Amino acid sequence: MSTRITRLVPSAVAAVVLIGVLAALYAKSSGVDVEKRSRVDGYLRQLKQVDAEWNVDVLKSRMGINANYDPLVSPLPKLRTLRAKLAHELGGVTDPEIAPALAAVGATIDHKTDLIERFKSENAILRNSLRYAPTAVSELDARIDAATRADPARASLLNALKNRADETLTGILRYNLFPDRSTAATLATEVAMLVPLAAGVGDDVGDSLTNFVRHAHVILTQREVGDAVLGNILAAPIDADADRLGNAFDRDFTLSLEKSNRYRHLLLAYASLLLALLAYVGYRLVRSFRVIARVNHELKDANESLERRVHQRTEELSRALDDLKESESQLVQNEKMASLGQMVAGVAHEINTPLAYVRSSLETVQTHFDGFVREFVGAMTRLVDLMRSPETPDTEISDQFETAVAIRDRLDEIPVADEIASLLKDGVHGVDEISGIVVNLKDFSRRDRSQMSRCAIEDCLASTLQIAKPVLAGRHLRRLFAPTTPIQCAPSRINQIFLNLITNAAQATGEEGLITLVTRMADAHHVVVEVMDNGSGIPDDVLPKIFDPFFTTKSVGEGTGLGLSIVYKIVEQHGGSIRVHSRPGVGTKFTVVFPVDSGESAALDSQPVPEIDIAA
Amino acid sequence: MTFRQLAALAVGIALGVCAGAAAAANADEPLRPLPERLGLDHRKVELGSLLFVDKRLSADGTIACSSCHDFANGGADPRPRSIGIHGAASAVNAPSVFNSGLNFRELWNGSAPSLEAFVTGVVQNPKVFGSKWSDVVLKISRDPGLDARFAALYGDGVTRDNIVDALATYARSLVTPSRFDRYLRGDTRAITTEEAQGYERFKSYGCIACHQGVNVGGNMYQKFGVMGDYFRDHGHDTPADQGRYAVTGRDSDRHVFKVPSLRNVALTAPYFHDGSAPTLEAAVGVMFRYQLGRTAPPADRALIVQFLKTLTGERQPELAKAVPQAPAPSAVASAAEAAGRSAQ
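Chains as they are written, first to last, in numbering that gives the first Met the number 0: chain U, 0 to 615; chain P, 0 to 343.
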């Protein structure tokens, strides 16, 4: 898993780098915000329009066409918004000309706002005085008229004043409509000349005159100041500043457009490259996919054929197992037959000896019977016959008598009766011996094989030796029997063990071989039986295999190779153990250890053992 | 005489004042009616109405906006000088909050270009609310109800700018259409003959030179004392009396103030930035003398005062779609009075 991840890391890094470059190029190429440009252009256009309308409204206010100053105030929030928007749009632009241009636009707007504020104030004062000036002169006229009525003597003076005031008013109003600097100076002089007159015309007229003079002065001053302010307002170059800002922005925009165009070309080239790479990767991918599909298909085929082969092999194996089982049973049968053959040979030999002398005794008895006994019986029968017949001469009877006596004497001379008795006795003995062998045979292979009983190991050995006598022919047998506790066992199977071991020992030794049987207690609960020979021994390479089933050193047909494996199994079933020590040329020792109480009766009952049932 | 008549006619044409401009709906009228629609977010108005009476805006929790902007006093402060936290006397008399959204700038010296700028500044002003905005934001955001309202209205919840926005929006909703607005819209019977005559006097005496537009003022600066030195005559010349000079530092701006709106002027005594005129009649008198540089017969001045009283309007909650929870003027008034008493 971790190796897979580490294998993936370089590809992932490469992919990230490729995409990163693409993204960077894209960002660079799309760095030109055309919408931003149109927004900025729009704001600047709006700014210029607001400014133009502002100028118009200022003029209208000056002309009195605007009845109030609301139109001069309403652009203020618009200008504030536009300035904020422009600052927002252009805040991030790095062009060195834009920030000063933007600041200049702001400063100009502030300056113009200030000027317009001044204009409103000055214009209000001017308008107030302009409005009031005729009224003030009317008031002055009324008071002069009153004063004239009160003091006709001063009529000419007062009328002169009245006319001068009227002329001054007319001059001022005309000046207001058509202002020029020289008229202003003349009017200022005229107004100034009115001032000293106020002293000599009485309080009423004087106050009124002073009032008019004040307003006339205000008009003259404010008109001039107002015109100056108005000129400054109209000269305030918001328009030009906005254009300069627009030009700076356009230049910056064009530059970044060119830059982004370069990046666009780069992006195009890079994208084509990437596309080619992608196509190649895709091609590779498709190819790999095909290979994978093919390999997958092959794998599937292989899998199927493997399954088929496994199935086939399983069938073969099962057949082989069947064959093996068959041959195993065949071999077991062979072993059985071989053992049987040995048994039969032994038993035949055992029986043959007593049978021979039973026969000879019976033949001797028959000989005796055919000779003397038949002769004597015949002589006696004739004698009796002669004696019974009255016409028989005595001589004949005495002759016959003599003959009979002679035969009896002969019989006395050779103790035929004793001999026959002896012979019969011998015969009975022989028959007894044969019957003993048969009993032994029965003991060796009892029918109730799995029957567990407590049995002395020495009895089993004795029984086995009886059977194995023919095999042992001529070998010296040494019995070293220490007293042992009878063990719980199936005697017939124990016999089978011993027969096998003894037979092997006998076969391993020549005619002069020595076979030693040892019994002893290993401890209170284990009995040891050792079967030793001084035979050829078992080679080291063979030794580990001797308990394997079907292993044999004998030529084909002589042994089944099952003997020791069966021994091993029986020992195991009795909870015992078997060991072998062998040295080639010195001899072999089998050591069998039996527990006194095997406790394996159940297992023994249930587990079938290849049996050699000689009684079957 | 012919000269004078000719000249008068010329002046009349030049000023655009039509002699027969009795037609109330005439577009050339220097006064204009209040807008009929405001297009404000009524939820912001409602939120602003809650903040308007919220004393948590002040550092010590003693004053709210409504402490100085007394709804029973035309939205202005009845005290000559407004009182901030710790009883600090402000340099000026708080003008009306009513129709303040129609002023071209805020404050007597016009130093705040907008309601937003005004609210932002006044909360931090040590002589008014004396707060730090961070504290105000914290206090308001701890109020679960207000916090929820802000969260619902503004993406970023309680912030300085959002509090300012809600308060400014509320202030903009406080327009007061009057009988005179109906008159301007063509209802010639909305005002009496005397009041209409008063309006004519108002125009002919030149008051209209400054008090014009939709807010009857509030759209320009003017020097206080054009035709006479008001401050010398009244024997004081405090920094607040310098007016716009305090903002620009230009001599030409000395004693220059924002021309106040005359809407609800009958309710907003005392008058002028220093609250020096206790009655409307006194204020009109001062204006005649120092601004117009003339006198007028008492009858004409009375007519003008009568006209000015037609500018008294009613708050129109439906205009701003304000909700019922906007503070009842009486309750606010009493609260403000209580605050005023305790401050004094």
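We put the CB at the ideal spot given by N, CA and C, even for glycine. Computed from a prediction, not measured in an experiment: that's the story for all the values here.
Under the three-state DSSP convention, the category residue i falls into
{"i": "S29(U)", "result": "coil"}
{"i": "G312(P)", "result": "strand"}
{"i": "A88(P)", "result": "strand"}
{"i": "P594(U)", "result": "strand"}
{"i": "R454(U)", "result": "Residue 454(U) is actually Cys in this sequence, not Arg. DSSP places C454(U) in strand when its eight states are reduced to three."}
{"i": "G377(U)", "result": "helix"}
{"i": "L137(P)", "result": "helix"}
{"i": "A14(U)", "result": "helix"}
{"i": "I82(P)", "result": "strand"}
{"i": "A21(P)", "result": "Below a pLDDT of 50, predicted positions are generally treated as unreliable, and A21(P), at 38, falls in that range; the measurement from the model is reported next regardless. Of the three classes helix, strand and coil, the one that applies to A21(P) here is coil, per DSSP."}
{"i": "H210(P)", "result": "coil"}
{"i": "T484(U)", "result": "coil"}
{"i": "L361(U)", "result": "helix"}
{"i": "A63(P)", "result": "coil"}
Chain U contact for residue i (CB, 8 Å cutoff)
{"i": "D250(P)", "result": "no"}
{"i": "Y253(P)", "result": "Strictly speaking, residue 253(P) in this sequence is Arg, with Tyr absent from that position. No, R253(P) does not count as interfacial toward chain U."}
{"i": "Q211(P)", "result": "yes"}
{"i": "K222(P)", "result": "yes"}
{"i": "A208(P)", "result": "yes"}
{"i": "M226(P)", "result": "yes"}
{"i": "A22(P)", "result": "Low per-residue confidence applies at A22(P): pLDDT is 39, beneath 50, and the placement is therefore not dependable, though the value from the model is reported in the following sentence. No, A22(P) lies away from the interface with chain U (no Cβ there is under 8 Å from its Cβ)."}
{"i": "N218(P)", "result": "yes"}
Spatially closest choice to residue i from the options, by CA coordinates
{"i": "V517(U)", "options": "A23(U), A103(U), V526(U), E511(U)", "result": "V526(U)"}
{"i": "L101(U)", "options": "K84(U), I115(U), D113(U)", "result": "K84(U)"}
{"i": "I115(U)", "options": "H367(U), D539(U), I232(U), L125(U)", "result": "I232(U)"}
{"i": "S140(P)", "options": "R253(P), D299(P), D53(P), D250(P)", "result": "D53(P)"}
{"i": "Y289(P)", "options": "K222(P), P143(P), D273(P)", "result": "K222(P)"}
{"i": "G274(P)", "options": "C209(P), R80(P), V157(P), L291(P)", "result": "R80(P)"}
{"i": "R159(P)", "options": "V122(P), T192(P), H210(P)", "result": "V122(P)"}
{"i": "R130(U)", "options": "V215(P), V213(P), Y204(P), L183(P)", "result": "Y204(P)"}
{"i": "T107(U)", "options": "R358(U), P178(U), A241(U), E88(U)", "result": "A241(U)"}
{"i": "S260(P)", "options": "G312(P), P277(P), Y229(P), A245(P)", "result": "G312(P)"}
{"i": "L265(U)", "options": "G575(U), V285(U), L24(U)", "result": "L24(U)"}
{"i": "N98(P)", "options": "R171(P), A151(P), G129(P)", "result": "R171(P)"}
{"i": "Q45(U)", "options": "S29(U), T80(U), V57(U), L21(U)", "result": "T80(U)"}
{"i": "T253(U)", "options": "H428(U), K35(U), V294(U)", "result": "K35(U)"}
{"i": "I545(U)", "options": "L563(U), G534(U), N533(U)", "result": "L563(U)"}
Residue i at chain P interface by Cβ criterion, 8 Å
{"i": "I4(U)", "result": "no"}
{"i": "S181(U)", "result": "no"}
{"i": "R174(U)", "result": "Note that residue 174(U) is Tyr in the sequence shown, not Arg. It does not; no Cβ of chain P falls within 8 Å."}
{"i": "H214(U)", "result": "yes"}
{"i": "K119(U)", "result": "yes"}
{"i": "A234(U)", "result": "no"}
{"i": "E52(U)", "result": "no"}
{"i": "A270(U)", "result": "no"}
{"i": "R283(U)", "result": "no"}
{"i": "R163(U)", "result": "no"}
{"i": "N210(U)", "result": "yes"}
Residue j beta carbon less than 8 Å from that of residue i
{"i": "L307(P)", "j": "L266(P)", "result": "no"}
{"i": "A75(P)", "j": "T237(P)", "result": "no"}
{"i": "R243(P)", "j": "N108(P)", "result": "yes"}
{"i": "R409(U)", "j": "F371(U)", "result": "yes"}
{"i": "D109(U)", "j": "I237(U)", "result": "no"}
{"i": "G688(U)", "j": "N122(U)", "result": "Nothing about residue 688(U) can be reported from this structure: the residues present for chain U run from 0 to 615 only."}
{"i": "M531(U)", "j": "Q487(U)", "result": "no"}
{"i": "I303(P)", "j": "R200(P)", "result": "yes"}
{"i": "K119(U)", "j": "I143(U)", "result": "no"}
{"i": "V174(P)", "j": "Y220(P)", "result": "no"}
Beta carbon proximity, residue i to chain A, threshold 8 Å
{"i": "I124(U)", "result": "Absent from the structure: chain A. Protein chains present are U and P."}
Subject >> Contact residues within the segment 109-141 of chain P, judged by C-beta distance below 8 Å to chain U >> reply: P112, S113
Original post:
Can you list, in chain order, the residues of the segment 66-80 of chain U whose Cβ is nearer than 8 Å to any Cβ on chain P?
Top reply: A66, N67, Y68, D69, L71, V72, L75, P76, R79
Subject >> Proximal residues, the segment 289-319 of chain P versus chain U, C-beta separation under 9 Å >> reply: Q290, L291, G292, R293, T294
Original post:
Just by C-beta distance, which residues in the segment 191-205 of chain P are closer than 7 Å to chain U?
Top reply: G205
Subject >> chain U contacts from the segment 89-108 of chain P (Cβ-Cβ distance under 7 Å) >> reply: F103
**OP:** Give the residues from the segment 99-116 of chain U that approach chain P closer than 7 Å (Cβ to any Cβ), ordered along the chain.
**Re:** E116
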